[in-house]
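Peer 1: Sharing a structure below in structure tokens format, with a few things to ask.
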Amino acid sequence: MKKEMLNKPNQLISIIPEQKVTTTQRKAYNSFLKYAQRKLKFEDYKENIFKIPYNELHKRANLKNKNTEYIYQELEGLMKTTVKIVDKENPDNWKAFTLLSYIERKDDFYYYELNHFIINALKEQQFFTPLNLMMIKSLDSQYSIIFYELAIRYQKYKIPKMSIEEVRKLTNTESEYKRFYNFRKRVLDMACEEISEKTDIKLSYSTEKRGRRIAFIDFKIEKKQEEIGIEIKVKEQSYSPQVLELFQLLPSLEQIEANKRELAQLLKEHSLKYLKADIEYAKKTQADNFMGFLKESCAGGHYSSVKLEKQERKEELARQQEQKEQKKKELEKKIKQKAHQKAKEKYEQLSEKEIASYAKDYESLPKMLKEKVSKEEFVLRAIEEEIEKDLKELSELIM
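For the sequence shown, counting from 1, position 168 maps to 151 in my numbering; every step adds exactly one.
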């Protein structure tokens, strides 16, 4: 099969639009990226408006026999498709952009505008996935395209195990196919079967339960035999519990075998505590090159050190406050016990006149309450509250 390659930046594969993106829109958008990337790569192009021959777009996005209104609606949809990126450290901070800012059909070309975030990603090309657009062109399901792009990104390693919630978010099916049977049939099975039939890889999956509920999806990628060249066997390596603990803290998309080796190397020179803090810090910064950012943090004296010290101080203050609250509860319990004991002793020594003084409000109680509380109990409680108040005031003076 003829190849038409797009070096798609990994951050564009991992972004999740807020609206559902159709099969046609995904194919068209990849074509827009391909032509923009070619312009940026081979020319010193400074603008953000690009063009693609209309017949090329129609061919790549399977639009040849579609009417004008259908094409307009599909392309207009890309301008309405929003991507929102929230700052994990401060959810009040966010940025949002649309997949296309502008599009125009003029004569034999489509003219379109890309956001500067997309343009910068196409320019840098530090971490990208080489996609054969001819393979994607053959796919009919939007879910097939999503999983194919993900599989090609991780074909040298393994797609990280994903929770059902993550897969639903990736496929924008959070409010669809509520029963897992339907989700499996309409999304997972359909995509894996089409990918395995029409592309250069075979994709399958297994499920993992938590209790009675299916909680995780574990994908398996297999390169088709005719495409396999020389197979390089990597010797399996065992890792320490500390390395595996750090590995589990990484974002799911970073949980690849190569990063275990990186973490093992970092542990030779840095403490487990600081590495754990640096990983959490890197996750909150949403760094594009996660492991690169993590190593830079270690080399630079740990970006998380100040935050870690603040956290330790915060935890210490929390411990002190907890101890203070515990002591307060214990003291209140002792005061109640002491007041109860002293009230009984005092009651035995009261004259009838003194008892009558304590019980003066008893007669005004509703009949229903009198049936539940005797006069003696009422007086005892009044004495107890009096003693309890005095003991509390005394304890506050001492403390």
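C-beta: ideal position from N, C-alpha, C; glycine also.
1. Let's test the definition: count the other Cβ atoms within 10 Å of the Cβ of L300 and tell me whether it reaches 16, buried, or not, exposed.
2. Given 8 Å as the limit, is there contact between the region 73 to 88 and the region 96 to 109, that is, 3 or more CB pairs closer than that?
3. Are the Cβ atoms of I239 and Y137 separated by less than 8 Å?
4. Taking all protein chains shown into account, decide if R195 is buried (16 or more other Cβ within 10 angstroms of its Cβ) or exposed.
5. Leaving out the 5 sequence neighbours to the left and right, which residues in its chain are closer than 8 Å to L250 when beta-carbon positions are compared?
6. Relative to the C-alpha of M145, which residue among E237, S121, S124 is closest?
7. Any idea what DSSP makes of R193, helix, strand or coil?
8. Could you check what DSSP says for Y85 in three-state terms: helix, strand or coil?
9. Among residues of its own chain, excluding the 5 on either side of K266, which ones have a beta-carbon nearer than 7 Å to its beta-carbon?
10. Considering P(-8), what are the terminal residues of the beta strand (DSSP E) in which it resides?
11. By the three-class DSSP mapping on this structure, what secondary structure does V420 have?
12. So what's A395 in DSSP terms, helix, strand or just coil?
13. Could you check the C-alpha separation between E379 and K372 for me, to the nearest Å?
14. Rounded to whole angstroms, what's the CA-CA distance from T5 to I102? Just pull it up for me.
15. Can you find the residues in the same chain that come closer than 8 Å, C-beta to C-beta, to E360, ignoring five residues on each side of it along the sequence?
16. Between which residues of its own chain and V170 is the CB-CB distance below 7 Å, once the five residues before and five after are set aside?
17. With a threshold of 8 Å on Cβ separation, who are the neighbours of N242 within its own chain once the five nearest residues in sequence on each side are excluded?
18. Give the DSSP bridge partners of S187, in chain order.
19. Is there contact here, the region 28 to 38 with the region 113 to 125, by at least three beta-carbon pairs under 8 Å?
20. Who are the Cβ neighbours of I178 in its own chain at under 8 Å, not counting the five residues just before and after it?
21. For W419, which residues from the same chain have a beta carbon less than 7 Å from its beta carbon, with the 5 sequence-adjacent residues on both sides left out?
22. Alpha carbon to alpha carbon, what distance is there between P36 and T64?
23. Is it the case that the Cβ atoms of D172 and S189 are separated by a distance below 8 Å?
24. Could you give the residue range of the alpha helix (DSSP H) that holds V150?
Peer 2: From the atom records:
1. So L300 ends up on the exposed side.
2. Between the region 73 to 88 and the region 96 to 109, the count of Cβ pairs shorter than 8 Å is three or higher; the stretches touch.
3. For the 8 Å CB-CB criterion, I239 and Y137 form a contact.
4. R195 comes out exposed.
5. The answer, listed in chain order, is S223, Q225, V226, L229, L258.
6. Residue E237 holds the alpha-carbon nearest to the alpha-carbon of M145 among E237, S121, S124.
7. Looking at R193 - three-state DSSP - the assignment turns out to be strand.
8. Strand.
9. Excluding sequence neighbours, K266 sits near K71, P234.
10. -12 to -8 is the extent of the beta strand (DSSP E) around P(-8).
11. Any question about residue 420 goes unanswered here, given that the chain covers just -16 to 382.
12. There is simply no residue 395 to check, as the chain begins at -16 and stops at 382 in what is shown.
13. When rounded, the distance between both Cα atoms is 11 Å.
14. The C-alpha of I102 is placed about 22 Å away from the C-alpha of T5.
15. None.
16. Excluding residues up to 5 positions away in sequence, Y126, T154, T156, Y160 lie with their Cβ nearer than 7 Å to the Cβ of V170 in the same chain.
17. Leaving aside the five residues that flank N242 on each side, the residues in its chain whose CB is nearer than 8 Å to its CB run, in chain order, F230, L233, M274.
18. K203.
19. Under the 8 Å Cβ criterion, the region 28 to 38 does not count as touching the region 113 to 125, having fewer than three qualifying pairs.
20. Taken in chain order, the residues that qualify are L122, S127, F130, Y131, A134, I184, K185, L186.
21. Since the first residue shown for the chain is -16 and the last is 382, residue 419 is missing from the structure and cannot be characterised.
22. One C-alpha to the other measures close to 23 Å.
23. Remark: C-beta atoms of D172 and S189 do not approach each other more closely than 8 Å.
24. Annotation: the continuous alpha helix (DSSP H) that includes V150 extends over 147 to 154.
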